[in-house]
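Below is one structure, written out as structure tokens; comments come after it.
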Amino acid sequence: MRTIIPILLAVICFSCHKTNEDPLPETPDQETGTFEEANIDKEKILKLENEINSGKYNIHSLIILRKNKLIYEHYFAGEDAVFPNPVGKVPHTRDSLHDCRSVTKSIVSACVGIALKQGKIKSIDDKIFDYFPGYKQYATGDKADITIRHLLTMSSGLDWNERISYADPANSERQMLEAQDPTGFVLQCKSAAKPGTVFNYSGGNTHLLGQIVERSTGMTIREFASRYLFQPLGIEKFFWTTRADGITWMPSGLRMRPIDMAKVGRLYMQQGQWEGQQLLPASWIAQSTRWIVNSSEDGVGYGFQFWCSRPQIAGQQVDMAQAAGNGGQIISMIPSLDLEVVMTAGYYNDETDIIGKVLVEEVLSAVKK
1 MRTIIPILLA
11 VICFSCHKTN
21 EDPLPETPDQ
31 ETGTFEEANI
41 DKEKILKLEN
51 EINSGKYNIH
61 SLIILRKNKL
71 IYEHYFAGED
81 AVFPNPVGKV
91 PHTRDSLHDC
101 RSVTKSIVSA
111 CVGIALKQGK
121 IKSIDDKIFD
131 YFPGYKQYAT
141 GDKADITIRH
151 LLTMSSGLDW
161 NERISYADPA
171 NSERQMLEAQ
181 DPTGFVLQCK
191 SAAKPGTVFN
201 YSGGNTHLLG
211 QIVERSTGMT
221 IREFASRYLF
231 QPLGIEKFFW
241 TTRADGITWM
251 PSGLRMRPID
261 MAKVGRLYMQ
271 QGQWEGQQLL
281 PASWIAQSTR
291 WIVNSSEDGV
301 GYGFQFWCSR
311 PQIAGQQVDM
321 AQAAGNGGQI
331 ISMIPSLDLE
341 VVMTAGYYND
351 ETDIIGKVLV
361 EEVLSAVKK
């Protein structure tokens, strides 16, 4: 689900009963470092930690990595939900799974990249109806020209309304969720714009991407992601919401540990390499995290299911790519500063962008050159 991010779409999270003086949790596959060597203002982060502990922010985790070292990792108790139902106050820990919401879209994008690398998908310029032969009756007019690339960049041109509350029955993603045939629901949508010309945020586009992965590989998206993305990263614990009829919820159904979300960010920061393996082509990483189309938000662009912005940090304008989800779930990557920030929070359906402001004003402002 969507997370509004004007240059900031963020979330911040950390451990409730620890102070920064406590040692970081043991992470066998992740080297740790100090604030001093990372050139990050420790006092600013400690101030934020105290504010979260005091209840000022409903932030559940905050993880900071710089120069491939884990600098800060904390978890906090806070009001939470398991899509779509509130579950009250939860004492989050490193082992807690957390709703990713639309961070899931970026994981689906990674799966598309892996399937492309394997040759299961020939090209992202393939027409999507080549993968949906049973729905050819909908391949009319401009819709016949929709490609995988258009789905990746949210520019399919399909008529879709996700700009209203997800509680509103008129919300297109809600309608897709409730449809007997979600794939048919998306493909039957009318054309509202020529493919590739207009950005329109759509969980329907992501659903089709996931379906293309499944149809081209013969595996469910859960099986494919587990075998070719999560297992190589050492990610063993995750949950992907699946309907009773076996349909996986592609746009927003993942639950992961925040520390594992950080591994996904590291993979992208390392140009698709992980422990000697090239899991994703470097060219795919570059395209995915590059500002390709202008989004509907001022100062924010979109790549292949990643948000892109150019904030001012440490006195310079930098390129920032984000996997972001409703409520304040975020994997934020700034390659030029060798910096990654992961946050989870409980601001579901909150349009005030509290989390984005916290990210920029309290976390990124602590980063020095």
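Going left to right, the sequence shown walks through residues 1 to 369 as full-length UniProt numbering numbers them.
From the three backbone atoms N, C-alpha and C, an ideal C-beta is built for every residue, glycine too.
Which residues in the same chain have their Cβ closer than 6 Å to the Cβ of residue i, if we skip the five residues on either side of it in sequence?
{"i": "phenylalanine 83", "result": "Asp99"}
{"i": "lysine 369", "result": "Ala314"}
{"i": "aspartate 145", "result": "Pro195"}
{"i": "valine 342", "result": "Ile63, Pro258, Met261, Ala262 and Ile331"}
{"i": "arginine 174", "result": "Tyr166"}
{"i": "glutamate 79", "result": "Asn58, Lys89 and Gly346"}
{"i": "leucine 65", "result": "Glu340"}
{"i": "isoleucine 121", "result": "Ala115 and Ser216"}
{"i": "leucine 48", "result": "Glu362"}
{"i": "glutamine 271", "result": "Ala282 and Ile285"}
{"i": "methionine 33", "result": "Reading off the sequence shown, one finds glycine at residue 33, where the question assumed methionine. Same-chain partners within the cutoff: Lys69 and Ile71."}
{"i": "threonine 241", "result": "Trp249 and Gly253"}
{"i": "threonine 289", "result": "Gly303, Phe306 and Ala321"}
With DSSP as the reference, label residue i as helix, strand or coil.
{"i": "aspartate 142", "result": "helix"}
{"i": "tyrosine 347", "result": "strand"}
{"i": "glutamate 31", "result": "coil"}
{"i": "asparagine 294", "result": "strand"}
{"i": "glycine 272", "result": "coil"}
{"i": "glutamine 278", "result": "strand"}
{"i": "lysine 357", "result": "helix"}
{"i": "aspartate 80", "result": "strand"}
{"i": "proline 182", "result": "helix"}
{"i": "threonine 248", "result": "strand"}
{"i": "proline 91", "result": "strand"}
{"i": "threonine 352", "result": "coil"}
{"i": "alanine 366", "result": "helix"}
{"i": "asparagine 205", "result": "helix"}
{"i": "glutamate 21", "result": "The predicted model places glutamate 21 with a pLDDT of 46, which falls under 50 and marks its position as unreliable; any figure quoted below should be read in that light. If DSSP states are grouped into helix, strand and coil, glutamate 21 belongs with coil."}
{"i": "methionine 154", "result": "coil"}
{"i": "proline 232", "result": "coil"}
{"i": "isoleucine 221", "result": "helix"}
{"i": "arginine 66", "result": "strand"}
{"i": "glutamate 162", "result": "coil"}
{"i": "alanine 262", "result": "helix"}
{"i": "serine 216", "result": "helix"}
{"i": "lysine 122", "result": "coil"}
{"i": "alanine 324", "result": "strand"}
{"i": "lysine 44", "result": "helix"}
{"i": "valine 342", "result": "strand"}
{"i": "lysine 194", "result": "coil"}
{"i": "lysine 56", "result": "coil"}
Can you list, in chain order, the residues of its chain with a C-beta nearer than 7 Å to that of residue i? Leave out the 5 residues immediately preceding and following it.
{"i": "serine 15", "result": "Low per-residue confidence applies at serine 15: pLDDT is 32, beneath 50, and the placement is therefore not dependable, though the value from the model is reported in the following sentence. Contacts found: His74, Tyr75 and Phe76."}
{"i": "serine 155", "result": "Pro195, Gly196, Thr197, Val198, Phe199 and Val293"}
{"i": "glycine 265", "result": "Ile331, Met333, Glu340 and Val342"}
{"i": "glutamate 51", "result": "Tyr57"}
On the premise that residue j lies in contact with residue i, defined as a C-beta separation below 8 Å, what is that separation, rounded to the nearest angstrom?
{"i": "tyrosine 302", "j": "threonine 104", "result": "At roughly 16 Å, the Cβ-Cβ gap does not stay under 8 Å, so tyrosine 302 and threonine 104 are not in contact."}
{"i": "glycine 113", "j": "leucine 280", "result": "5 Å"}
{"i": "isoleucine 128", "j": "threonine 140", "result": "That belief does not hold up - the Cβ atoms of isoleucine 128 and threonine 140 are roughly 13 Å apart, past 8 Å."}
{"i": "tyrosine 138", "j": "leucine 97", "result": "Their Cβ separation, rounded to whole angstroms, is 36 Å, which puts tyrosine 138 and leucine 97 out of contact at 8 Å."}
{"i": "cysteine 111", "j": "phenylalanine 199", "result": "About 22 Å separates the two Cβ atoms, so there is no contact after all."}
{"i": "serine 296", "j": "valine 318", "result": "Not confirmed; about 23 Å, so no contact."}
{"i": "glutamine 329", "j": "arginine 101", "result": "5 Å"}
{"i": "alanine 323", "j": "serine 106", "result": "3 Å"}
{"i": "lysine 136", "j": "serine 191", "result": "Between serine 191 and lysine 136 the Cβ distance is about 16 Å, and since that is not below 8 Å, they are no contact."}
{"i": "threonine 206", "j": "valine 108", "result": "5 Å"}
{"i": "phenylalanine 304", "j": "alanine 321", "result": "Between alanine 321 and phenylalanine 304 the Cβ distance is about 10 Å, and since that is not below 8 Å, they are no contact."}
{"i": "proline 251", "j": "glycine 203", "result": "3 Å"}
{"i": "isoleucine 124", "j": "arginine 149", "result": "5 Å"}
{"i": "tryptophan 291", "j": "proline 232", "result": "Not quite, the Cβ-Cβ distance comes to about 28 Å (not below 8 Å), so this is no contact."}
By DSSP's criteria, residue i is part of a beta bridge. Which residues make up the other side?
{"i": "arginine 255", "result": "Asp99 and Phe239"}
{"i": "serine 288", "result": "Serine 288 is not bridged to any residue."}
{"i": "cysteine 189", "result": "Its beta-bridge partners do not exist; DSSP assigns none."}
{"i": "valine 74", "result": "The sequence shown places histidine at residue 74, not valine. Beta-bridge pairing links histidine 74 to Leu62."}
{"i": "tyrosine 302", "result": "Val293 and Trp307"}
{"i": "serine 106", "result": "For serine 106, which the question treats as bridged, DSSP gives no partner whatsoever."}
{"i": "proline 86", "result": "Ala81"}
{"i": "methionine 333", "result": "Ala321 and Glu340"}
{"i": "glutamine 136", "result": "One detail in the question is off: residue 136 reads as lysine in this sequence, not glutamine. Its beta-bridge partners do not exist; DSSP assigns none."}
{"i": "glycine 313", "result": "Before going on, a small fix: residue 313 reads as isoleucine here, not glycine. Isoleucine 313 pairs with Gln316."}
With a threshold of 7 Å, establish whether the CB of residue i neighbours any heavy atom of the ligand FAD.
{"i": "cysteine 308", "result": "The ligand FAD is not part of the structure shown, which contains no ligands of any sort."}
Which same chain residues end up closer than 8 Å to residue i when comparing Cβ atoms and leaving out the 5 residues on each side of it in sequence?
{"i": "alanine 179", "result": "Phe185"}
{"i": "tyrosine 131", "result": "Gln211, Ile212, Arg215 and Ser216"}
{"i": "isoleucine 354", "result": "Tyr57, Gly328 and Tyr347"}
{"i": "leucine 158", "result": "Lys143, Ile146, Val186, Cys189, Lys190, Ser191, Ala192, Asn200, Ser202, Gly204 and Asn205"}
{"i": "alanine 81", "result": "Val87, Asp99, Gly327, Gly346 and Tyr348"}
{"i": "threonine 19", "result": "Residue placement at threonine 19 is poorly supported in this model, since its pLDDT is 39, which falls under 50; the coordinates are not used for a value here."}
{"i": "methionine 176", "result": "Pro182, Phe185, Val186, Gly203, Gly204 and His207"}
Could you check whether the Cβ of residue i sits closer than 8 Å to any Cβ belonging to chain B?
{"i": "glycine 276", "result": "The chain inventory of the structure shown lacks chain B, comprising one protein chain alone."}
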